[in-house]
Amino acid sequence: MGNRILVVDDAAFMRMMIKDILTKNGFEVVAEAADGAQAVEKYKELKPDLVTMDITMPEMDGITALKEIKGIDPSAKIIMCSAMGQQAMVIDAIQAGAKDFIVKPFQADRVIEAIQKTLA
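Every letter in the sequence shown is one number past the one before it in the UniProt record's numbering, and letter 30, counting from 1, is 30.
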């Protein structure tokens, strides 16, 4: 059985892209969320092995969601996804407990490398 992953991004297209990369590489996408609030709910409900989390989202941003999930489960494994030019936010995310980050547009090998490293 593949590792269970929750994909969080406000853009359906980005969720589809990362989901495609993950499923082709034997990972199981257990759920998707379009904002941080949904991500926290889905995390509580499903307890996935790993979360890919967009930083910039409506309702609740990725860093706030990361902190909430870490509050529920300190051992949560979360990889942040960000567009270019969000270095300051990436640093905030790492300090808040993110394991790694991937830059958009996604490159399949980089996504898989970050996930394998985080799950190892």
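Glycine included, C-beta positions come from ideal geometry on N, C-alpha and C.
Source: prediction; values computed, not measured.
Item checked: Given R4 as reference, the closest of F13, D49, M14 once Cα atoms are compared -> As a working note, residue 4 is residue 4 in the sequence shown. Answer by Cα proximity: D49.
Margin query: For the alpha helix (DSSP H) containing F101, name the first residue and the last one.
Written below: Taking the first residue of the sequence shown as position 1, residue 101 is located at position 101. Where F101 is concerned, there is no enclosing alpha helix (DSSP H), although the beta strand (DSSP E) it sits in stretches over 100-103.
Notebook entry, point to check: In three-state terms, what does DSSP make of I94?
Noted result: By one-based count along the sequence shown, residue 94 stands at place 94. Correct three-state label for I94: helix.
Next item on the list: Only counting runs of 4 or more residues, tell me where the alpha helix (DSSP H) segments fall wholly within the UniProt domain "Response regulatory" (4-119), in order along the chain.
Entry: Fully enclosed alpha helix (DSSP H) runs of 4 or longer: 12-24, 36-46, 62-72, 87-95, 108-119.
Checklist line | Proximity below 8 Å, CB of T118 to CB of D100 | finding: As a position in the sequence shown, residue 118 is number 118, starting the count at 1. As a position in the sequence shown, residue 100 is number 100, starting the count at 1. In this structure, D100 lies closer than 8 Å to T118 by Cβ.
Next item on the list: Determine the contact status of I63 and Y43, defining contact as a CB-CB distance below 8 Å.
Entry: To locate residue 63, count along the sequence shown from 1; it is residue 63. To locate residue 43, count along the sequence shown from 1; it is residue 43. Not closer than 8 Å, so no.
Next item on the list: Examine the Cβ distances between the region 52-62 and the region 70-90 and report whether three or more of them are shorter than 8 Å.
Entry: yes
Checklist line | Proximity winner among P105, I78, I69, K104, relative to I94 (alpha-carbon distances) | finding: What you label residue 94 is simply residue 94 of the sequence shown in a count that begins at 1. Out of P105, I78, I69, K104, I78 has the C-alpha closest to the C-alpha of I94.
Notebook entry, point to check: Can you tell me the Cα-Cα spacing of K70 and D61, whole angstroms?
Noted result: Position 70 of the sequence shown holds residue 70. Position 61 of the sequence shown holds residue 61. Their Cα atoms are separated by approximately 14 Å.
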